[in-house]
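Some notes on the structure that comes next.
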Amino acid sequence: MTGEEGAISLRGHYALGHPVIGPRPLARTRSFTRRGGRMPHTHQRAWDRLADQVVLQVPLAAGDTSTVVDPGYRLDPEQVFGRRAPLVVEVGSGAGDALVAGAAARPDHNFLALEVWRPGTGHALAKMAAVNDGQALPNVRVVEADAALALRTMLEPGTVEEVWTFFPDPWPKARHHKRRLVDPDFSDAVADLLRPGGRWRLATDWDDYAKVMRDVVGAEPRLRLESTARFPLRPVTRFERRGTEAGRRITDLAYVRLD
Ligand SMILES: C[S@@+](CC[C@H](N)C(=O)[O-])C[C@H]1O[C@@H](n2cnc3c(N)ncnc32)[C@H](O)[C@@H]1O
Numbered sequence: 002m003t004g005e006e007g008a009i010s011l012r013g014h015y016a017l018g019h020p021v022i023g024p025r026p027l028a029r030t031r032s033f034t035r036r037g038g039r040m041p042h043t044h045q046r047a048w049d050r051l052a053d054q055v056v057l058q059v060p061l062a063a064g065d066t067s068t069v070v071d072p073g074y075r076l077d078p079e080q081v082f083g084r085r086a087p088l089v090v091e092v093g094s095g096a097g098d099a100l101v102a103g104a105a106a107r108p109d110h111n112f113l114a115l116e117v118w119r120p121g122t123g124h125a126l127a128k129m130a131a132v133n134d135g136q137a138l139p140n141v142r143v144v145e146a147d148a149a150l151a152l153r154t155m156l157e158p159g160t161v162e163e164v165w166t167f168f169p170d171p172w173p174k175a176r177h178h179k180r181r182l183v184d185p186d187f188s189d190a191v192a193d194l195l196r197p198g199g200r201w202r203l204a205t206d207w208d209d210y211a212k213v214m215r216d217v218v219g220a221e222p223r224l225r226l227e228s229t230a231r232f233p234l235r236p237v238t239r240f241e242r243r244g245t246e247a248g249r250r251i252t253d254l255a256y257v258r259l260d
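Each step along the sequence shown adds one to the number in this note's numbering, with nothing skipped, and position 119 is 120.
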């Protein structure tokens, strides 16, 4: 994203008077710049066939190309999934590895993914079709939106069973750390969403980001670190593989929402 585009988002957000943007909208919006891009043929075919069933058309705050969900929009999980079931929210589902593995392993849960990278969602749809006889998994929906903002407004507080944040963009350069997704605001939003006893599962291959996660999430009084064991449902993704090959250690963290 160029500085000029950032400036447009900044003006747009302020013009909307969004209540939860906070003092640094530019830094936040820079963490999701890859919405477009071409997809390989098989992913595009999966998108063309299955996106209508899986990718929700939600009202966007600044027109079709925005990634900001209209702050007035409330998603009704019972209505969009057609049933009542424990809800898992994955933030930044990427190419869908954990989403598809999780949804296939837990058919009794609903899975809502927030992802702004459309080619990744195309890939996720192709993976879904591969494990389900060419069909979409009925317990998965995707919203193409900035999770940091949408999670503040779109869902009812205290209603989510689990939030997954696996390998969020690391932004390794010090001057880009402010673009990282996991910060005190995001942590507060996740704590609001989880039901008592619900879990926030995180993973990263960057030690300094792991420390930030521990410090920031550890400072949230409604969340308690429960486990650092690898979450068994989390498959190895390209990001984990890349980190391991570069000699980086993988950190898993699971926090539980206190009463
Ligand atoms: C490094 S990838 C990891 C993908 C996946 N979780 C995995 O482990 O393979 C991070 C993903 O988060 C998405 N992302 C980053 N910021 C986001 C935001 N604010 N809202 C929604 N998705 C976001 C990116 O588009 C990208 O696909």
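Even for Gly, the Cβ is constructed at its ideal location relative to N, Cα and C.
- Excluding sequence positions up to five before and after P139, its CB lies less than 7 Å from no other CB in the same chain.
- At a threshold of 6 Å, W201 does not count as near ligand 1, since its beta carbon sits no closer than that to any of the ligand's heavy atoms.
- Exposed is the label assigned to P158, since fewer than 16 other Cβ atoms lie within 10 Å of its Cβ.
- Shown here for E241: same chain residues with a beta carbon closer than 7 Å to its own, the five before and five after excluded, namely F168, D206 and I251 in chain order.
- Its Cα nearest to that of E221, the residue D184 stands out among W48, R85 and D184.
- Judged by beta-carbon spacing, S188 lies beyond the 7 Å limit of V161, meaning their Cβ atoms are not closer than that value.
- For R215, the CB contacts under 8 Å within the same chain, skipping 5 residues up- and downstream, are L226 and L254 in chain order.
- With respect to R181, V81 sits apart: the two C-beta atoms are not nearer than 7 Å.
- Short of 8 Å from the beta carbon of Q54, and not among the five residues preceding or following it, lie these beta carbons of its own chain, in chain order: A137.
- A Cβ-Cβ separation of about 20 Å leaves V213 out of contact with D147 under the 8 Å criterion.
- Taking the Cα of D98 as reference, the smallest distance to any Cα among A247, E163, R107 and V237 is reached at V237.
- Within the stretch 90-143, the runs of alpha helix (DSSP H) at least 4 residues long that lie entirely inside it are, in chain order, 98-106 and 119-132.
- By the CB criterion at 7 Å, V92 and L115 fall inside the cutoff.
- Taking the CA atoms as reference points, V59 sits about 20 Å from V164.
- The alpha carbon of V257 has as its nearest neighbour, out of T166, R176, P78 and A192, the alpha carbon of A192.
- Scanning its chain for C-beta atoms nearer than 8 Å, with the 5 sequence neighbours on each side dropped, one finds around Y74 the residues V59, P60, T154 and M155, in chain order.
- The beta carbon of R46 sits closer than 8 Å to the beta carbons of A127 from its chain, once the five residues preceding and following it are set aside; these are given in chain order.
- Distances from the CB of F187 to the heavy atoms of ligand 1 are all 6 Å or more.
- Ligand 1 has a heavy atom closer than 6 Å to the beta-carbon of V117.
- Rounded to whole angstroms, the separation of the alpha carbons of N133 and G83 is 19 Å.
- In terms of Cα proximity to G248, the closest of D208, R235, P233 and L113 is D208.
- In this structure, the CA atom of H124 is about 8 Å from the CA atom of M40.
- Residue ranges of uninterrupted beta strand (DSSP E) with 3 or more members, entirely inside the stretch 206-251 and ordered along the chain, are 224-228.
- For the set L234, K174 and R196, the Cα lying nearest the Cα of L203 is the one of L234.
- Put simply, of E246, R223, D109 and A102 the residue whose alpha carbon is nearest the alpha carbon of R85 is D109.
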